[in-house]
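Enquirer: Residue numbers (the numbering used here), protein chains in the order written: chain A, -6 to 491; chain B, 11 to 110; chain C, 1080 to 1552.
Idealized CB from N, CA, C, for every residue including glycine.
1) Threshold first: 4 residues or longer. Then list the alpha helix (DSSP H) segments lying entirely within the segment 1314 to 1350 of chain C, N to C.
2) Looking at the structure shown, is residue 1528 (chain C) part of a helix, part of a strand, or coil, going by DSSP?
3) Using only CA atoms, which one of C:1546, C:1508, C:1550 and C:1517 lies nearest to residue 69 (chain B)?
4) Would residue 1517 (chain C) and residue 1475 (chain C) be called neighbours here (beta carbons separated by less than 9 Å)?
5) What's the gap between the Cα of residue -4 (chain A) and the Cα of residue 212 (chain A)?
6) If you measure from the beta carbon of residue 1326 (chain C) to each beta carbon in chain A, is any gap under 9 Å?
7) Tell me, which residues are paired with residue 1248 (chain C) by DSSP?
8) Per the contact definition of three or more C-beta pairs closer than 8 Å, is the segment 1496 to 1507 of chain C in contact with the segment 1391 to 1407 of chain C?
9) Whose CA, out of C:1262, C:1304 and C:1291, lies closest to the CA of residue 1271 (chain C)?
10) Does at least one heavy atom of the ligand SAH sit under 8 Å from the Cβ of residue 137 (chain A)?
11) Hey, how far is the Cα of residue 195 (chain A) from the Cα of residue 1405 (chain C)?
12) Looking only at its chain, what residues have a beta carbon closer than 6 Å to the beta carbon of residue 1423 (chain C), apart from the 5 residues adjacent to it on each side?
13) Rounded C-beta distance between residue 222 (chain A) and residue 256 (chain A)? I'm assuming under 8 Å.
14) Can you have a look at residue 485 (chain A) and say buried or exposed, based on whether 16 or more other CB atoms are within 10 angstroms of its CB?
15) Just mark residue 109 (chain B) as buried or exposed, buried being the case when its beta carbon has 16 or more other beta carbons within 10 Å.
16) Is residue 65 (chain B) close to chain A? Criterion is C-beta to C-beta, closer than 9 Å.
17) Rank A:425, A:293 and A:455 by C-alpha distance to the C-alpha of residue 439 (chain A) and give the top, closest one.
18) Alpha carbon to alpha carbon, how far is residue 254 (chain A) from residue 266 (chain A)?
19) Taking the beta carbon of residue 2 (chain A) as the centre, do at least 16 other beta carbons fall within 10 Å, making it buried, or is it exposed?
20) Note down, in chain order, every chain C residue with its Cβ under 8 Å from the Cβ of residue 78 (chain B).
21) Using a 10 Å radius around the Cβ and a threshold of 16 neighbouring Cβ atoms, would you call residue 97 (chain A) buried or exposed?
22) DSSP three-state label for residue 303 (chain A), please.
23) Check the DSSP bridge columns for residue 130 (chain A) and list the partner residues they point to.
24) Pick helix, strand or coil for residue 73 (chain A), following the three-state DSSP scheme.
25) Going by DSSP, what residues sit across from residue 101 (chain A) in a beta bridge?
26) If you reduce the DSSP assignment to three classes, tell me which class residue 224 (chain A) lands in.
27) Taking one C-beta from the segment 1366 to 1375 of chain C and one from the segment 1387 to 1394 of chain C each time, how about it: are there three or more such pairs within less than 8 Å?
28) With burial defined as no fewer than 16 other Cβ atoms inside 10 Å of the residue's Cβ, what is the status of residue 1189 (chain C): buried or exposed?
29) Taking 9 Å as the CB-CB limit, is residue 139 (chain A) close to chain B?
30) Let me see if you follow: with CB-CB separation under 9 Å, is residue 42 (chain B) close to chain A or not?
31) Can you give me the C-alpha to C-alpha distance between residue 470 (chain A) and residue 118 (chain A), rounded to a whole angstrom?
32) Leaving out five residues before and five after residue 303 (chain A) in sequence, what residues of the same chain have Cβ atoms less than 6 Å from its Cβ?
33) Run the CB neighbour count on residue 520 (chain A), radius 10 Å, all protein chains shown included, and call it buried at 16 or more, exposed below.
34) List the residues of chain A that residue 71 (chain B) touches, going by C-beta distances under 9 Å, in chain order.
35) Could you tell me whether the segment 1445 to 1454 of chain C touches the segment 1513 to 1528 of chain C, where touching means 3 or more Cβ pairs closer than 8 Å?
36) Going straight from the alpha carbon of residue 270 (chain A) to that of residue 366 (chain A), what length do you get?
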């Protein structure tokens, strides 16, 4: 089931010096689910506890232990799938077999050829759409701490393993290789995070490891059809690392290709301090995971009713919210103020304020510039609307409005009352012009300068002198002059004089 | 079905299974595994084209448990079984060698 | 004395559990050195458990349906704080921090565990010769194998070390040793008995089941250990019937089919004769006997020796020296894991791990594992068709009587053929049991296998009870 595609926007990668190349990125994002217990046992799913205190025979993989599926994990997995417009399928679990000491059974229970969610998409704030190949369930591994070699795995003397994290439920979200720039990659991850928080599926903290991002990066010359050899980059602990690592890989790969060398298909590790990726495991001989259906678990058949229930309870997601606000405000959904409003969860406030008659432009501007504070969501939409109308009616200057707004946030009072109490009144135009003339007359030398540089078109000097006069006028008016009006008057007078 | 299992095949699966085999063992295992797989060729007589696989003898689906915390195991009891521990964690030798 | 009779006497206060277990422990002390049925005899724990049962009876509290009855447990069943080795060096001395569900159920029923019995390492074998701790000897003839992999549990009952024991059956590992030792052995429907705490060999085939000296005792033990377990996702949610209650219902009108494919040249003539006699006896007792056909059963061995090792290769990956069991040190973890597994596993286990790894590996999955799963479907279908015509089926349990030590040990394929009669029911997930029915030409026991459809233990036990009553001396 697919939507009619939103206009697909191929972003230029924005990396200097690589104009002849196209960057191709696919992202694999692992999200730890916000459940009480682990995926296959009833140990607590809790970060930061004493090592090996949230363990049991099942998540330790002790001989004789057996997994049992956490129903809530399935619920959250379906929620994630539907939030990403995926089809929800009947699915089975599979064993992914490989040896690693942080894996108690030396196999991971995951999903292989029949994942629970497939074929979705994500619309981003920049107007682009990224396809979602699949979002499947699996269990997390334990945590290794490496002793020696500065905590890094390479060159460590020994390792210590804590299995508290082993068995924590994960959903792995795999995107199509639709991403074309480091910025878009970051936007994708940020959007994903917002969604995960909105549907309460995960707390998605990259720095705590509850959301982990691996990037598959390849390069190809512009116009080429085939994808280049890709490398997987791991150890990306922040959006910033993600962007930097992608850019580094892009350059590294192009350098290799241009010098005639082959790109080795491999996993690479991002070294944040050194600002580079390093060799990891070779993927040339693809690791043989010997996937087979997990015999200890039964298939999961959610059925249409479960999916319908999830759909009915789905909160409004960021893309839909941006569209709604943009529609009401009469602007494009990619408008920065709209994106910010939704990011800050202030879109409902904005819509209500506009519905109450507020000026949509001023509403959006306030939200973008003046409401990056806690508690902004509690602002009365009617009051906000009234404030914007006072501005458009020239009863308040922009500067005054900002002050009034700040007070509205703390006191909750209406703008008119606050403005009156502060003695704010915008100056009427006639009085303003008289004041401007008085200031000009008081500074004839600077005025002559201004006229001269205005005629010469010297922008820098114009700006300086405008600033000078505006400052003097503001002083004289005790801040009650409207900056825009002052500007207009000065410009017309200078034009008349020249 | 594919050709007979070779010495290289056996060496490969031994590596996958983290088992070390001596050359003598390799020969012996190759011939023994070969005999078993050879016997399994009798399945080629069957028409399996439209036959679905059976992964489970029981036709159960949707077997779940509630998301409620339950008792685990005593950490001391578990660590007491471990070959090597440190700081309440399981200790293992270096996981990867020096980076190339 | 039968287990049923012992339990009745203890519950009625006529006999003390302590006196009973002391008697069995004395028998063990005398004959165990010859037989080697046990990896570990837990005499102190047994006495303490027996005392606790006696205390309960004295206080007028219900001591359970198996009160005071000694039971031996196959050493692949997890017993908290008591070494559970699977007869492998890699788990030598491992003390599980938890009890298997069946172990908990036995304790709640008042049974008294006397020890952990020997098995083929990780339940892989048909003779118990693959144990890392030495073989078990057949109590009927110490020069012969008791069968496997639950050789120790079968021998324990046959030697009078305990009236009851538990084994596990993946391809015949309860039924075949039962046949070779002349005792009753039952593999229940897959999912009837919880696998939680059974060290896994092949997850879609393994089942825990009872050994006993008679059918009624086996039925009672199965009643106690069966039932849904929320800790086992493959556990059947169906309620468990009281098998002991319908045991005496007879076989009048029951349709019995002898599986023709399992009565061919691969079966020793004296064994075949016993099966025919058994069928005659059932007919005389009111059953209609006919010939049944399960054609795909002929391919059971091939499918089994791909599916079971494949699942086993994955189940045994966890034995890596990191968290428990044997560790052989190495400079790196990879080396340590390799050394540990190479030294810790025996030859048969390594052989099956490699076979299973191969069957699952890239490029071979469809040809081997994939194909075997399809053959499994054919077997399920053929059994379903047979059960349209018949209520229970009959076959030999094993192709021969107990063979001598070393006879098949060097030829894995020959050893695997011992399981030809038992394997199909594991693949189908259906119940079957072995009932002693006379001896072969060499004087060694012969077992007849009664097979039933899924959750068909009731008719299975009824037929078995009749067979038992008519068994030649």
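Expert: The structure says:
1) 1322 to 1325
2) It is a strand residue.
3) If we check each option's Cα against that of residue 69 (chain B), C:1508 comes out closest.
4) no
5) In this prediction, residue -4 (chain A) scores a pLDDT of 42, lower than 50, which makes its location untrustworthy; the coordinate-derived value is nonetheless stated afterwards. So the alpha carbons of these two residues sit roughly 29 Å apart.
6) no
7) C:1286
8) No: fewer than three Cβ pairs fall under 8 Å.
9) C:1304
10) Questions concerning the ligand SAH fall outside what the structure shown contains, since it holds no ligand whatsoever.
11) If you draw a straight line from the Cα of residue 195 (chain A) to the Cα of residue 1405 (chain C), it comes to about 39 Å.
12) Around residue 1423 (chain C): 1168, 1169 and 1405.
13) Yes, they are in contact, since the Cβ atoms of residue 222 (chain A) and residue 256 (chain A) sit about 4 Å apart, within 8 Å.
14) exposed
15) Residue confidence for residue 109 (chain B) is low, a pLDDT of 28 falling below 50, so the modelled location carries little weight and cannot support an answer.
16) yes
17) A:455
18) 27 Å
19) Unreliable positioning characterises residue 2 (chain A) in this predicted model, as indicated by a pLDDT of 45, which lies under 50. The coordinate reading is nonetheless provided below. Exposed, since its Cβ has fewer than 16 Cβ neighbours within 10 Å.
20) Within chain C, no residue comes near residue 78 (chain B); the closest Cβ sits about 12 Å away, beyond 8 Å.
21) buried
22) helix
23) BP columns for residue 130 (chain A) point to A:164.
24) Looking at residue 73 (chain A) - three-state DSSP - the assignment turns out to be helix.
25) Looking at the DSSP output, residue 101 (chain A) sits in a beta bridge with A:89.
26) Assignment of residue 224 (chain A) by DSSP, reduced to helix, strand and coil, places it in the strand class.
27) no
28) buried
29) Yes, contact with chain B.
30) no
31) Their Cα atoms are separated by approximately 43 Å.
32) 71, 72 and 75
33) Shown here, chain A extends from -6 to 491; a query on residue 520 (chain A) therefore has no answer.
34) 83, 291, 292, 293 and 294
35) No: the two stretches stay apart, fewer than three of their Cβ pairs being nearer than 8 Å.
36) 37 Å
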